[in-house]
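Visitor: Residue numbers (my numbering): 622 to 752.
Beta carbons: idealized from backbone N, C-alpha and C, even for Gly.
Before I ask anything, let me first share the structure, which is written out below as structure tokens.
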Amino acid sequence: AFGTELGRDATPLEADLPRFVDLNKEFQGRDAMQAIGIRSKCVTLLIDGPEDADPWGREALYASDGTRVGRLTSGGYSVVFEKSIGMGYVRPEHAAVGTKLKVKILDQLWDAEIVEDSPYDPKNAVIRVDG
């Protein structure tokens with residue numbers, strides 16, 4: 622999670638930051654966080670979106686049956702993957718890696734897939750040439 626993924630709307634557990642939360646220790650907000658449970662999960666998506674526009678955040682995410690299951694919180698273009706990439710929150714039952722979703726960009730639905738958090742180019746196949 623980063624920047625717009627963190628805020629008052631999500632708990633550290635929903636933001637996929639469990640390593641920073643020890644539920645065995647007492648802390649302010651622990652009981653409330655446990656009572657709320659996990660309403661949504663922070664995920665990373667690769668998006669087959671339009672070539673002339675990237676997601677910025679707040680775009681709706683839909684399941685294959687058309688049900689709205691979440692929203693993007695941030696996005697942009699990935700030079701490594703040559704497509705848009707975004708982060709957002711989805712219902713827990715739709716948060717598994719490999720889940721196919723649709724994202725609404727420019728009033729049109731585009732294919733998206735949930736991927737591992739912080740995807741990268743492990744073979745460094747795309748080398749930066751910007752200086």
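On the three-state DSSP scale, how would you describe Asp-652?
Guide: Helix.
Visitor: Assuming Lys-721 and Glu-734 are in contact, meaning their beta carbons sit under 8 Å apart, how far apart are those beta carbons, in whole angstroms?
Guide: Sure, about 6 Å apart at Cβ, within 8 Å.
Visitor: Would you say the region 714 to 732 touches the region 676 to 691, given that touching needs at least three Cβ pairs under 8 Å?
Guide: Yes: at least three Cβ pairs fall under 8 Å.
Visitor: Suppose you measure from the CA of Gly-709 to the CA of Glu-635; what does that come to, to the nearest Å?
Guide: One C-alpha to the other measures close to 11 Å.
Visitor: Can you give the Cα-Cα distance for Gly-752 and Leu-644, rounded to whole angstroms?
Guide: Because the pLDDT at Gly-752 is just 49, under 50, the model does not fix this residue reliably, and the point stays unresolved.
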